[in-house]
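Reading through the structure tokens given below for one structure.
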């Protein structure tokens, strides 16, 4: 399972944070502190996975900004850090709790399957390549492409969990989904461009 040094799984940390009643708002900085040295991979998953689920329009653009910063740090092998204008972003405790409740069932199922194997695929230099790929997919994620956010978000989520648990099988699954994501996004963009060109040729 994805655990911190104290033995708590990632799902447990998120649940405990969402259950705190003394906080009115939860900031990204609060998550950084709670997750400690595991924050980069864990936060990449937290900001990517909601895009796999049905969400309101514009969600990918909001969650995509911190995702881009975190993926870049994973690529460079740096400790988790976010600029103040990103780290200070927050949501109400009730909204955070709702988000966690949506993520938790999926994360708990994943934690039962995750385990260290083919660890070389989740360690440098492969880990830095995963960061680079996640960065590129994050850029796709924030673009307003219809149906263009699900597969990139799923690929990032799988790779992030694979890195967290040093599970090369999950990393390979994420890489496979990444290939599919690129083809799907390319197909959607190509269709949109073709439709736009047809529209303008008909109008003019």
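Numbering (my numbering), first residue to last: 737 to 940. Where a beta carbon is used, it is the ideal one built from N, C-alpha and C, also for glycine.
Counting along the chain, residue 762 sits inside the beta strand (DSSP E) bounded by residues 761-763.
Shown here, residue 853 sits in a strand according to DSSP, grouped into three states. Secondary structure at residue 745: strand, using DSSP grouped into helix, strand and coil. Of 752, 781, 760 and 852, the smallest CA-CA separation from residue 770 is found for 752.
As the crow flies, the alpha-carbon of residue 807 is around 43 angstroms from that of residue 938.
For residue 898, the uninterrupted alpha helix (DSSP H) run begins and ends at 886-901, by DSSP.
A buried status is given to residue 889, since no fewer than 16 other beta-carbon atoms sit within 10 Å of its beta-carbon. Residue 848 and residue 817 have their alpha carbons spaced roughly 29 angstroms apart.
Assignment of beta-bridge partners to residue 874 by DSSP yields no partner. The stretch 862-878 makes contact with the stretch 809-825; the number of CB pairs closer than 8 angstroms reaches 3 or more.
DSSP places residue 757 in no alpha helix (DSSP H); its state is neither H nor E. In this structure, residue 846 lies away from residue 764, with their beta-carbon atoms at least 8 angstroms apart. No residue range can be given for residue 789, since it is assigned to no alpha helix (DSSP H) and is classified by DSSP as neither H nor E. Distance between residue 857 and residue 895, taken at the CA atoms: about 10 angstroms.
One alpha carbon belongs to residue 876, the other to residue 913, and they sit about 14 angstroms apart. When the five nearest sequence neighbours on each side are left out, the beta carbons in the same chain lying within less than 7 angstroms of the beta carbon of residue 759 are those of 829, in order along the chain.
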